[in-house]
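In full-length UniProt numbering, the protein residues as written are 1 to 531.
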């Protein structure tokens with residue numbers, strides 16, 4: 001729909017690809033005649049790239065852009081590489097006609113990938129549509145597609161509005177459903193109520209859509225945010241919420257019934273609020289939980305986890321879909337700012353979820369409840385180097401260590417994952433997460449060397465590890481069991497690492513049970529069905 005101000009609504013599709021994997025994507029066309037492709041929205045990179053024909057490493061049946069079938073394609077013959085956490089996308093830069101809704105750019109430069117990591121794409125999604133500033137580009141001095149649209153449409157306001165809807169809860173793999181509305185060149189006033197509160201960007205210019213975290217509370221208790229690590233980026237391409245280890249540890253320690261490292265009861269409904277210098281926004285409890293771990297009765301994946309060792313010029317926090325589903329979000333180019341507003345009734349808004357502008361969090365407290373039915377295990381290891389980009393996850397050891405030391409380190413982890421009784425009241429399950437590129441790192445190093453200095457936004461060169469929080473399943477919103485075979489998303493490091501964690505955990509639990517049954521002379525009884 002086009003309005004008088006020149007803004008247009010573009011439908012977002014929410015594709016469920018297994019476990020808690022959800023990709024919010026849009027459909028656009030490339031070339032003459034138009035070739036339709038599905039691209040994932042990502043506001044932590046400015047680059048647009050698609051899988052091209054022929055393609056090495058692409059999943060069978062993936063829709064590919066074929067420049068030989070387009071009369072408007074111009075191959076610049078410039079080779080280029082875009083670094084992801086799962087590997088490098090290699091190909092050539094093309095100039096081509098690209099259309100998004102009723103918008104069209106006649107000669108947009110983008111990367112056509114001909115060599116792509118095998119797990120980089122899934123579910124018929126053919127690439128990334130970047131919505132960040134050009135200073136983050138891997139492809140050189142290229143005007144991002146979104147800026148090119150705004151520069152050629154004088155009537156369009158330099159804004160992008162996002163309403164991300166929640167899943168309807170289907171359990172079918174590869175299910176698509178309406179995922180919200182992406183409004184280009186303005187906002188959709190029917191999707192929010194009240195005024196949009198705009199806050200000027202903080203952090204390095206021409207990079208992320210970022211603000212400073214000014215306040216966080218959980219269960220009504222204020223968390224002391226570290227002032228030197230308060231910069232936060234917003235990414236519609238990441239699933240969860242990540243932050244500095246000390247702050248994340250403090251968040252979970254404030255939950256009644258948890259230890260200092262956080263293990264609240266599974267039936268605890270979390271009450272989390274956050275502010276970025278203006279109004280206070282509440283996050284729905286259902287958005288703070290990801291999935292129940294397959295093969296367990298009590299362990300679930302939480303949506304807030306710890307990141308560490310960021311480059312000082314990069315955000316220390318990132319807020320992905322778990323937060324953004326609770327607000328109407330606006331990215332404004334001029335003046336550079338991020339805006340939030342309450343969701344309207346038709347967008348699923350409720351005063352009990354979206355904003356608590358007049359409320360004041362209570363001071364931090366050390367009190368805790370003795371209630372402990374089922375436990376959520378939330379990662380909290382601090383002082384570890386960071387890993388990066390959605391979603392959050394390995395076990396407390398490195399692949400490169402000797403088998404004996406690995407076994408010893410995992411004893412405390414396998415025990416809470418027993419399919420029998422509930423974990424003890426003080427049980428804590430810590431994780432050290434390593435990215436895929438760690439497979440090629442120095443085997444003696446306790447951290448991984450990533451390809452680039454990118455967090456969830458693909459921009460990191462720091463050595464990094466990541467602490468995953470294993471979260472909860474609330475009474476109000478039961479979760480699907482996580483399948484260890486769920487496809488991975490390349491733009492969210494949390495999702496990439498969670499896949500590694502799942503596979504490792506399944507092998508460990510299975511092998512332990514197998515060994516116990518062999519010792520007893522009985523066949524294994526571990527059920528590998530993911531539910």
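Ideal Cβ placement from N, Cα and C applies to all residues, glycine included.
How many Å lie between residue i and residue j at the Cα?
{"i": "residue 193", "j": "residue 135", "result": "33 angstroms"}
{"i": "residue 53", "j": "residue 112", "result": "9 angstroms"}
{"i": "residue 272", "j": "residue 180", "result": "23 angstroms"}
{"i": "residue 24", "j": "residue 163", "result": "11 angstroms"}
{"i": "residue 304", "j": "residue 215", "result": "15 angstroms"}
{"i": "residue 414", "j": "residue 301", "result": "Per-residue confidence for residue 414 stands at a pLDDT of 26, beneath the threshold of 50, marking its modelled position as unreliable; no derived number is given."}
{"i": "residue 269", "j": "residue 227", "result": "28 angstroms"}
{"i": "residue 143", "j": "residue 10", "result": "21 angstroms"}
{"i": "residue 101", "j": "residue 242", "result": "33 angstroms"}
{"i": "residue 153", "j": "residue 186", "result": "12 angstroms"}
{"i": "residue 32", "j": "residue 97", "result": "7 angstroms"}
{"i": "residue 288", "j": "residue 61", "result": "34 angstroms"}
{"i": "residue 224", "j": "residue 92", "result": "47 angstroms"}
{"i": "residue 72", "j": "residue 66", "result": "12 angstroms"}
{"i": "residue 349", "j": "residue 205", "result": "32 angstroms"}
{"i": "residue 247", "j": "residue 279", "result": "20 angstroms"}
{"i": "residue 14", "j": "residue 237", "result": "11 angstroms"}
{"i": "residue 40", "j": "residue 12", "result": "10 angstroms"}
{"i": "residue 38", "j": "residue 282", "result": "32 angstroms"}
{"i": "residue 519", "j": "residue 118", "result": "Any answer about residue 519 is weak, because its pLDDT of 48 lies below 50 and its placement is not dependable; what the coordinates show is given next. Straight-line Cα distance between these residues: approximately 39 angstroms."}
{"i": "residue 59", "j": "residue 122", "result": "7 angstroms"}
{"i": "residue 68", "j": "residue 36", "result": "15 angstroms"}
{"i": "residue 364", "j": "residue 256", "result": "Residue confidence for residue 364 is low, a pLDDT of 40 falling below 50, so the modelled location carries little weight and cannot support an answer."}
{"i": "residue 56", "j": "residue 131", "result": "26 angstroms"}
{"i": "residue 184", "j": "residue 159", "result": "7 angstroms"}
{"i": "residue 217", "j": "residue 211", "result": "17 angstroms"}
{"i": "residue 115", "j": "residue 87", "result": "10 angstroms"}
{"i": "residue 50", "j": "residue 127", "result": "4 angstroms"}
{"i": "residue 467", "j": "residue 107", "result": "Here residue 467 scores only 39 on pLDDT, less than 50, and its place in the model should not be relied on; the value that follows carries that caveat. Looking at the two C-alpha atoms, the distance is approximately 42 angstroms."}
{"i": "residue 76", "j": "residue 70", "result": "15 angstroms"}
{"i": "residue 157", "j": "residue 150", "result": "8 angstroms"}
{"i": "residue 190", "j": "residue 74", "result": "41 angstroms"}
{"i": "residue 346", "j": "residue 182", "result": "16 angstroms"}
{"i": "residue 219", "j": "residue 277", "result": "20 angstroms"}
{"i": "residue 332", "j": "residue 42", "result": "16 angstroms"}
{"i": "residue 103", "j": "residue 284", "result": "34 angstroms"}
Nearest by alpha-carbon distance to residue i: which of the options is it?
{"i": "residue 340", "options": "42, 327, 149, 158", "result": "327"}
{"i": "residue 200", "options": "96, 106, 330, 343", "result": "330"}
{"i": "residue 165", "options": "207, 324, 350, 92", "result": "324"}
{"i": "residue 253", "options": "221, 118, 282", "result": "221"}
{"i": "residue 322", "options": "145, 286, 138, 223", "result": "286"}
{"i": "residue 306", "options": "213, 250, 178, 115", "result": "250"}
{"i": "residue 129", "options": "55, 99, 278", "result": "99"}
{"i": "residue 308", "options": "63, 49, 245", "result": "245"}
{"i": "residue 105", "options": "338, 34, 209", "result": "34"}
{"i": "residue 26", "options": "210, 280, 159, 125", "result": "125"}
{"i": "residue 110", "options": "218, 28, 345, 48", "result": "48"}
{"i": "residue 133", "options": "347, 346, 345, 336", "result": "336"}
{"i": "residue 44", "options": "95, 196, 209, 218", "result": "209"}
{"i": "residue 203", "options": "213, 64, 196", "result": "213"}
{"i": "residue 195", "options": "275, 344, 149", "result": "344"}
{"i": "residue 95", "options": "197, 161, 145", "result": "145"}
{"i": "residue 8", "options": "207, 51, 155", "result": "155"}
{"i": "residue 64", "options": "277, 29, 240, 207", "result": "29"}
{"i": "residue 334", "options": "277, 275, 147", "result": "147"}
{"i": "residue 89", "options": "276, 190, 120, 77", "result": "120"}
{"i": "residue 290", "options": "239, 274, 161", "result": "239"}
{"i": "residue 342", "options": "177, 85, 178, 161", "result": "161"}
{"i": "residue 46", "options": "198, 332, 207", "result": "207"}
Give the DSSP bridge partners of residue i, in chain order.
{"i": "residue 212", "result": "231"}
{"i": "residue 188", "result": "Answer by DSSP bridge pairing: none, since residue 188 is not bridged."}
{"i": "residue 329", "result": "162, 340"}
{"i": "residue 24", "result": "14"}
{"i": "residue 217", "result": "222, 273"}
{"i": "residue 197", "result": "340"}
{"i": "residue 346", "result": "According to DSSP, residue 346 bridges with nothing at all."}
{"i": "residue 38", "result": "27"}
{"i": "residue 108", "result": "96"}
{"i": "residue 83", "result": "88"}
{"i": "residue 56", "result": "115"}
Give a yes or no on whether 8 angstroms exceeds the smallest Cβ distance from residue i to chain D.
{"i": "residue 329", "result": "Absence of chain D from the displayed structure is noted, only one protein chain being present."}
If contact is defined by three or more beta carbon pairs under 8 angstroms, each pair taking one atom from either stretch, is the stretch 313 to 323 in contact with the stretch 233 to 241? Segment contact: the stretch 233 to 241 against the stretch 313 to 323, three or more CB-CB distances shorter than 8 angstroms; contact assigned.
Decide yes or no for the touch test of the stretch 73 to 87 against the stretch 123 to 142: beta carbon pairs closer than 8 angstroms, at least 3 of them. With the rule of 3 Cβ pairs closer than 8 angstroms, the stretch 73 to 87 counts as touching the stretch 123 to 142.
Which runs of the beta strand (DSSP E), 3 residues or longer, sit entirely within the stretch 122 to 151? Runs of the beta strand (DSSP E) inside the stretch 122 to 151: 127 to 130.
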